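Sequential numbering of the sequence shown, starting at -9, is according to our numbering. Positions of the beta carbon are idealized from the N, C-alpha and C atoms, including for glycine. Given the structure is predicted, the values throughout are model-derived calculations rather than measurements. What follows is a single structure, written as structure tokens, with notes after it.
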Amino acid sequence: MIRVERRDAVLEILIDRPERRNALTDAMYRDIERALREADADAACAAVILHGAGGHFTAGNDLAEFQMPQDSRDVGSIAFLHALASVDVPVIAAVQGQAVGVGVTLLQHCDFVYAAPDAVFRLPFVSLGLCPEGASSYLLPRLAGDRRAAQWLLGAEPFGAEDALAGRLLTAVADDPLAQARACAQALAAQPVQAVRASKRLLREPLRAEVHRVLDAEAAVFFERLKSPEAQAAFQKFFARK
Ligand SMILES: C/C=C/C(=O)SCCNC(=O)CCNC(=O)[C@H](O)C(C)(C)COP(=O)(O)OP(=O)(O)OC[C@H]1O[C@@H](n2cnc3c(N)ncnc32)[C@H](O)[C@@H]1OP(=O)(O)O
-9 MIRVERRDAV LEILIDRPER RNALTDAMYR DIERALREAD ADAACAAVIL HGAGGHFTAG
51 NDLAEFQMPQ DSRDVGSIAF LHALASVDVP VIAAVQGQAV GVGVTLLQHC DFVYAAPDAV
111 FRLPFVSLGL CPEGASSYLL PRLAGDRRAA QWLLGAEPFG AEDALAGRLL TAVADDPLAQ
171 ARACAQALAA QPVQAVRASK RLLREPLRAE VHRVLDAEAA VFFERLKSPE AQAAFQKFFA
231 RK
């Protein structure tokens, strides 16, 4: 359900589970994490592109897996987020359709994000009885401002590409976000690869320790919330809705 394809100096990671709106399972996070770490270890890799199949980016974590007990110390989602926040190889996201939960918070860690004009973003953590993840409690106010962060994280309402752009979650709105992501990757590949990586490291380094700390602090609350009656009722409601 994760397809990894190397195209010259660019690694493309496709989330390919369209029948579940590309919802991410533990195994899928681990596959993406592995691909990211391998790309980072490959000095010839100029960029990674992350995109989704079937006209959607991802509906976030698989809610069926949230119904099962999980140990926060050994969870694919958290390992994936730490990897994404660690790599020096530039990461580019191309967003179409729905981007929900971790499908939005992961974008904070990408270096370039292109989204279709009709893309829909949603951070439904409180509606699910959960709390922010992906270091969004720290990064989103910095990126989008306190007001938008509260609107998106506490209001939990869907928002569109123009709002996401105004909230600095996106690089640009593009009719064909994957084509735009590929053009961006080619432009990066035309630059000296190690200079690009060293520059990304300098850009990210001042915040990295705090981002990793917040990822773990959020995870501790998040995995407690998963067990709560509020959260379990929300998951049941989702699967009973049809
Ligand atoms: C650490 C990470 C935390 C998080 O990421 S928290 C966020 C978790 N995600 C969500 O709460 C999103 C849940 N999904 C939705 O709200 C909707 O879906 C969408 C808005 C994304 C799409 O709506 P529509 O186009 O009407 O499709 P559909 O009929 O709801 O879904 C198609 C099939 O996909 C399954 N599915 C969708 N999202 C998930 C998911 N997140 N986990 C597990 N399954 C999911 C459905 O159940 C259904 O399946 P069937 O056709 O068998 O009924």
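Return yes when at least one heavy atom of ligand 1 lies under 7 Å from the C-beta of residue i, else no.
i, result
"L259", "There is simply no residue 259 to check, as the chain begins at -9 and stops at 232 in what is shown."
"L97", "no"
"F102", "no"
"S67", "yes"
"A49", "yes"
"F115", "yes"
Measuring only the C-alpha atoms, how far is residue i from residue j?
i, j, result
"F115", "K217", "14 Å"
"A89", "G50", "7 Å"
"N12", "V92", "12 Å"
"F38", "Q86", "A small fix is needed here, since residue 38 is Val in this sequence, not Phe. Near 17 Å, if we compare the C-alpha coordinates of Q86 and V38."
"Q98", "A173", "20 Å"
"C35", "V183", "8 Å"
Going by C-alpha to C-alpha distance, which of the options sits closest to residue i?
i, options, result
"S117", "A(-1), L1, V0 and F228", "F228"
"R20", "L74, L129 and I39", "L74"
"V110", "V94, L144 and C121", "V94"
"L168", "A84, M18 and T48", "A84"
"D101", "V79, R112 and P122", "V79"
Taking a contact to mean a Cβ-Cβ separation below 8 Å, would you say residue i touches residue j in this structure?
i, j, result
"D165", "P107", "yes"
"L160", "A105", "yes"
"V204", "A125", "yes"
"R(-7)", "D6", "yes"
"Q60", "F225", "no"
"R215", "G66", "no"
According to DSSP, is residue i part of a helix, a strand, or is it coil?
i, result
"L129", "helix"
"V65", "coil"
"E147", "coil"
"T48", "strand"
"R172", "helix"
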